[in-house]
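Student:
Chains as they are written, first to last, in the numbering used here: chain W, -2 to 435; chain P, -2 to 435; chain F, -2 to 435.
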């Protein structure tokens, strides 16, 4: 990266920091109506891209699990986006961007519901987008955290209990955690950096996934006599569709996190995001070919996601070569992590903990190593990673534990054997599937 | 919604009304080349989003039906988009936006083919888009009406007859009906409001679906000895992919119906659309859990579509809370409607009538209840709903009946049992599907 | 050439030509920051649309082949996009747009890696996009050529050898070939025209597909005792998803090839692209119904792709009616070509040669027939088609032959019978697929 560009990026990063720091404040300078319209249009494009990630998660998760639990998984993912959007409108948005913090920059709340106010739909609210664009873009992010959990606890969790967990985690825990950085809370003031959510979204979801897996225990028959018995997914095409849609959505996830259509920054983010994903594929392919002797498709798919999660924290602030390194390392890490978690008998059917938590941590720390902005420090990044870990793991653990003690968390063994589709929904995913030929 | 915003929305709605009223007239004021380019770019983005809805329909419809009819359904949906675009270029566009009406604001025709004229690709044609953008955006809508019919008549209609119906309905009936409102015809002059087509697209398709179901009769074995025998869909992942793609496409369907990239209006439309879809999921989940004891995935999927169809008529003119109510009610309605249609022995394999006709009517009437624009009146909305019902149902019924009497409408019983894939196409959807394992 | 072309197509084409001819040079006139931002935003939207074509290829190819080779196909397609992006960053981009040619306008190289330089992220680099946008848009195109090959050689090629071929072809052959026209090389100076790549992308991939099929030979059991035994695809829904996603992506492939958000040109390109695809469906439907007696879904799907490939060379320079003719002819051609290739015992499991090579040639020649620009001459187009044919076929043949002689190109007969999924990857695509019901 040339010095000139470095300076440009630095300048834009500062501008961006300003936008993040003052999300609901009035802006000193407005932009032309034309520029405001381009910016807002890009943010809405980014919004529908993030939306489609929910289909990506649904497809990936159902593809990597068994056919007898497919309806349940699709149902959960459809419910999550609905619950996520509605609770974010009611409380989440105002918890995440409270304006004033009442509890020492740890907690604030701006009241229930949406209120654009007098300037909400003008560039006086924000030169990059209207109030409603702000809400809907962030709302699409919110449900993602719970979606990550869904994969890890699949094939054994009770539907009702999962929906209660989702509602609480998306409505309360995710936005409070988010406010610490994106809402201008204590970690933001400390200089912690997470561009688009390696930690704020992916690790926040990943910690809850880990808590859920621990409280639930492994699926029946997964670990028998000290051996790992692989449970094959029922549709690799579905899993692949999921991963490509997630990759597609990431252009909105990271590209939209620029918070405007700024040509220099958005195009840089597209390049770092793409190359990190590509490098993640290569890293996982090499690791899988080396460790497992034959290259595993699910590892390679998770490798691309690992690269994407890894680059998310620093997509606007690392160079192109650094992005490749970050993705490559993430691709190797995810393969190792999947194998190690199985050794530890932590049963995560889709590899969600490895992809979102482990690579989310890696990506956040990588900002402290590779960032072109000298203000980003490894130690601060580490503090952020640990703070989110403590808060989110404990919060998720408590909720899961309380659900276990009250509603019950796990379906009974008979239902688990027959599948949750019939047990929870009274229907099958492939009921009308009778092939005449063979 | 604050008074200030109400006023803003009202003002934009008036501007929008102006755009709709004068689609081919010269505009008093042009916009800057920059603004014209942003507007046009957004309209083209909306265009490709509406395009992808056709894949959504294909996936949803084939997912909810049996594997033996899958090729036929995919074939129909591929043919519809092709026939729809071509006939719209030849006659539809000029029937829908005739400029001058020759039959008392009920019918007009501006001639065959496309002709941008001198100003077609400049902002003098329209500050929001070029002539070609106008055509292709509207053309993507056009085929939708026939796609809706496809689902209702699935698993028993002859391919050739269906294609003839589609051609006539898309080329002639849909655009004439559309001209009454969007072409500045009599209903528009009466003050009827349908922002993006709860009635003009969804009910227009839904009435034809109802006519088709009545003329065709139910599938063999669906109603036996007075009992409803459920026919399970063959792939719920496919159905879910379909619904998420439809939801995605709706951001273009509704977002593009603003007819410019206006930040205030497009972002409001994104929020009302999203929250109505989310509320539709919740409404259907509650209704299904209550009435059917276990939450049905296909009901929840149709719930999101119900919310989307419901909000389509007023997405730019109702408040956020109203959008939630409209979606919630639509989600409940669709579950009730699906169960009631089965009692009436109207066999609609995918629930198209309930989603598109019933919720389309609900959404259109809801404008008369929830609109922030005092000029929108319930009675006028009701007149519009009835007028479209009478015209479209009769037109579709006549075409279907004429086809039944001439080419024949229904495949014979033997072919219906074996499946239309082999009968109509000589191939199977899953012919090369031999899993070695088991 | 520049002046003559500009007279015919207008000032936008002049600008466009300038962009193509001088991709890394400074521009005499810059645009407003607003216009630059709209242009760049559209190019990034086009980028993610082209990205999703890779999922389209993966779905189409796996849908049209047997379940036992599905993992292998999905793996290849995931690896290709990764290899394509990374090699394009390292060498491809600078081979394709070398600036100076060292070998008589046949070959040039601007050095390894990406370097935006001082003006790379400003409109001084290019009024339509930043340096990084330029790279990532072109990078998405690059991998496409190898993806085309993947389908033709499916179900029998060794994974390792295919990946080596892909790397060489994408990193070296594709960009050198591309430089002849888009990099302002000798064919560009001769007046050859290929708007978005009927030849530069599709035929370049198609020639390699043909070479691969010849060197590999047909699948076991495809041609027995002089008869063609059809091998049914394992999932027509997957194939249909693939085709619709490819069609969707084509709006970015062709729409982005305008290299700006120019309203007149991009909207024209959307219309010609859409109508050619639609006409391709109709052409293939008619040909298939006529020749095969029953309309074949895979033919119709390939018909839409045929129309899209056909219009790609002239999407900005032919009229709307010509686009329909081009698509219609392409749809007929593809059906005939598929049947003829089978007679010639050239086994192409997905019809890639017919779609991409044959219709790519047709589309390129069609520019010489239908272009509204009198500078476009049939003879020049023919020279271009032949030049690419000679270079690409020989290059691909040599690589495939060398691989056959070294690593080996084809899996052994036992592995081919059991499927490449188990043989190359040790896993199955539908391992966890056990339907409880039937």
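Heads up, the beta-carbon is just placed ideally off N, CA and C, and yes, glycines get one too.
1) Along the stretch 58 to 76 of chain W, what residues have a CB closer than 8 angstroms to any CB found in chain F?
2) Would you check if the distance between the CB atom of residue 168/P and the CB atom of residue 269/P is smaller than 7 angstroms?
3) Buried or exposed: residue 195/P, going by 16 or more other Cβ atoms within 10 Å of its Cβ?
4) So, at 7 angstroms on beta carbons, what are the nonlocal neighbours of residue 252/P in its own chain, with the 5 sequence-adjacent residues on each side left out?
5) Express the C-alpha separation of residue 410/W and residue 427/F in angstroms, rounding to a whole number.
6) Please classify residue 97/F as buried or exposed, where buried requires at least 16 neighbouring CB atoms within 10 angstroms.
7) Got a sec: is the Cβ-Cβ distance from residue 24/W to anything in chain P below 7 angstroms?
8) Name the residue from 343/W, 300/W, 154/W whose alpha carbon lies nearest to the alpha carbon of residue 398/W.
9) Grouping DSSP H, G and I as helix and E and B as strand, with all else coil, what is residue 342/F?
10) Could you name the residues of the stretch 250 to 278 of chain W whose beta carbon sits closer than 7 angstroms to any beta carbon of chain P, in the order they occur along the chain?
11) Excluding five sequence neighbours on each side, which residues of the same chain lie with their C-beta closer than 6 angstroms to the C-beta of residue 276/P?
12) For residue 291/P, which three-state DSSP category applies?
13) Pairing CB atoms from the stretch 87 to 104 of chain F with CB atoms from the stretch 168 to 180 of chain F, are three or more of them under 8 angstroms?
14) Could you say if the stretch 195 to 215 of chain F and the stretch 385 to 396 of chain F meet the contact criterion of at least three C-beta pairs nearer than 8 angstroms?
15) Tell me, please, whether the CB atom of residue 199/W is closer than 7 angstroms to any CB atom in chain P?
16) Could you tell me whether any Cβ in chain P is nearer than 7 angstroms to the Cβ of residue 245/F?
17) When you check each C-beta in the stretch 333 to 367 of chain W against every C-beta of chain C, which residues fall closer than 9 angstroms?
18) Is residue 219/P helix, strand or coil by DSSP?
19) When you check each C-beta in the stretch 284 to 312 of chain W against every C-beta of chain F, which residues fall closer than 8 angstroms?
20) Check each residue of the stretch 114 to 129 of chain P: if its Cβ is closer than 9 angstroms to any Cβ of chain W, include it; give the result in chain order.
21) Take residue 188/W and list the residues in its own chain whose beta-carbon comes closer than 8 angstroms to its own, dropping the five residues that flank it on each side.
22) Report the rounded CA-to-CA distance for residue 366/W versus residue 278/P, giving the unit in angstroms.
23) Closer than 6 angstroms to a non-hydrogen atom of the ligand FMN - does that hold for the CB of residue 111/P?
24) Tell me the rounded alpha-carbon separation between residue 76/F and residue 360/W.
25) So which residues on chain P does residue 138/W lean against when the C-beta distance must stay under 9 angstroms?
26) If you draw a straight line from the alpha carbon of residue 394/F to that of residue 135/F, how long is it in whole angstroms?
27) So, residue 281/P versus residue 296/P, is the Cβ gap smaller than 7 angstroms?
28) Please check the pair residue 331/W and residue 352/W, which I expect to be a contact at CB under 8 angstroms, by giving their CB distance rounded to whole angstroms.
29) Got a sec: which bits of the stretch 220 to 236 of chain P sit with their beta carbon under 8 angstroms from any beta carbon on chain W, in order along the chain?
30) Hey, out of 133/W, 308/W, 287/W, whose CA is closest to residue 244/W's CA?
31) Residue 348/W: which of 113/W, 148/W, 249/W, 132/W sits nearest, CA to CA?
32) When the Cα atoms are used, what is the spatial distance from residue 274/P to residue 106/F?
33) By Cβ distance below 7 angstroms, which residues in the same chain neighbour residue 141/P in space, the five residues on each side in sequence not counted?
34) Please compile the residues from chain P whose C-beta is within a distance smaller than 7 angstroms of the C-beta of residue 152/W.
35) Throw me the rounded Cβ distance for the residue 39/P and residue 103/P pair, which I believe falls under 8 angstroms.
Tutor: Per the coordinate set shown:
1) 62, 63, 64, 65
2) The count along the second chain starts at 1 and reaches residue 168/P at position 171. The count along the second chain starts at 1 and reaches residue 269/P at position 272. Taking 7 angstroms as the Cβ cut-off, residue 168/P and residue 269/P do not qualify as a contacting pair.
3) Residue 195/P sits at position 198 when you count from the first residue of the second chain. It is buried - the Cβ of residue 195/P has at least 16 other Cβ atoms within 10 Å.
4) Here residue 252/P refers to the residue found at position 255 when the second chain is read from its first residue. Only 43, 263, 266, 267 meet the Cβ criterion.
5) By 1-based counting over the third chain, the position of residue 427/F is 430. By 1-based counting over the first chain, the position of residue 410/W is 413. Rounded to whole angstroms, residue 427/F to residue 410/W spans 24 angstroms at the Cα level.
6) On the third chain, position 100 is the one that residue 97/F refers to. With fewer than 16 other Cβ atoms within 10 Å, it is exposed.
7) As a working note, residue 24/W is residue 27 in the first chain. Summary for residue 24/W: the model assigns pLDDT 45, below 50, so the residue's position carries little reliability; its value from the coordinates is reported in the next sentence. Cβ-Cβ to chain P under 7 angstroms: no for residue 24/W.
8) Locating residue 398/W in the first chain gives position 401, where the first residue counts as 1. Across the set 343/W, 300/W, 154/W, the C-alpha of 154/W shows the shortest separation from the C-alpha of residue 398/W.
9) Stepping through the third chain from its first residue, residue 342/F is reached at position 345. Of the three classes helix, strand and coil, the one that applies to residue 342/F here is coil, per DSSP.
10) none
11) In the second chain, the residue the question calls residue 276/P occupies position 279. The residues are 304, 321, 324, 325.
12) The residue you call residue 291/P lines up with position 294 of the second chain. Looking at residue 291/P - three-state DSSP - the assignment turns out to be coil, as it is neither helix nor strand.
13) yes
14) Between the stretch 195 to 215 of chain F and the stretch 385 to 396 of chain F there are three or more C-beta pairs closer than 8 angstroms, enough to call the two in contact.
15) Counted from its first residue, the first chain places residue 199/W at position 202. Not an interface residue.
16) The residue given as residue 245/F occupies position 248 in the third chain. Under the 7 angstroms criterion on CB atoms, residue 245/F is classed as interfacial with respect to chain P.
17) No chain C appears in this structure, whose protein chains are W, P and F.
18) Taking the first residue of the second chain as 1, we reach residue 219/P at position 222. In this structure, residue 219/P counts as coil in the three-state DSSP scheme.
19) 289, 290, 291, 292, 293, 294, 295, 297, 298, 301
20) Of all residues in the stretch 114 to 129 of chain P, none comes within less than 9 angstroms of chain W when Cβ atoms are compared.
21) The residue given as residue 188/W occupies position 191 in the first chain. For residue 188/W, where only same-chain residues beyond five positions count, the Cβ hits under 8 angstroms are 372, 373, 374, 377.
22) In the first chain, residue 366/W corresponds to position 369, counting from 1. In the second chain, residue 278/P corresponds to position 281, counting from 1. Roughly 44 angstroms separates the two Cα atoms.
23) Among the components modelled here there is no ligand, and therefore nothing to report on the ligand FMN.
24) Your numbering for residue 76/F matches position 79 in the third chain. Your numbering for residue 360/W matches position 363 in the first chain. Going from the Cα of residue 76/F to the Cα of residue 360/W covers about 22 angstroms.
25) Residue mapping note: residue 138/W aligns to position 141 of the first chain, counting from 1. For residue 138/W, no chain P residue has a Cβ inside 9 angstroms of its Cβ, as the nearest lies near 13 angstroms away.
26) Here the question's residue 394/F lines up with position 397 in the third chain. Here the question's residue 135/F lines up with position 138 in the third chain. Straight-line measurement puts the Cα of residue 135/F at about 25 angstroms from the Cα of residue 394/F.
27) Taking the first residue of the second chain as position 1, residue 281/P is located at position 284. Taking the first residue of the second chain as position 1, residue 296/P is located at position 299. A contact, by the Cβ cut-off of 7 angstroms.
28) Against the first chain, residue 331/W aligns to sequence position 334. Against the first chain, residue 352/W aligns to sequence position 355. Yes, they are in contact, since the Cβ atoms of residue 331/W and residue 352/W sit about 6 angstroms apart, within 8 angstroms.
29) 228, 229, 230, 231, 232, 233, 234
30) As a first step, residue 244/W must be located in the first chain, where it is residue number 247. Nearest C-alpha to residue 244/W: 308/W.
31) Here the question's residue 348/W lines up with position 351 in the first chain. The shortest C-alpha separation from residue 348/W is found at 148/W.
32) The count along the second chain starts at 1 and reaches residue 274/P at position 277. The count along the third chain starts at 1 and reaches residue 106/F at position 109. Approximately 52 angstroms, taken between the alpha carbons.
33) Walking along the second chain from the start, residue 141/P turns up at place 144. Taken in chain order, the residues that qualify are 50, 198, 202.
34) Here residue 152/W refers to the residue found at position 155 when the first chain is read from its first residue. Near residue 152/W there are no residues of chain P at all, since even the closest Cβ is about 15 angstroms away, more than 7 angstroms.
35) Start at 1 with the first residue of the second chain, and residue 39/P comes out as number 42. Start at 1 with the first residue of the second chain, and residue 103/P comes out as number 106. With a Cβ gap of about 33 angstroms, residue 39/P and residue 103/P do not count as contacting.
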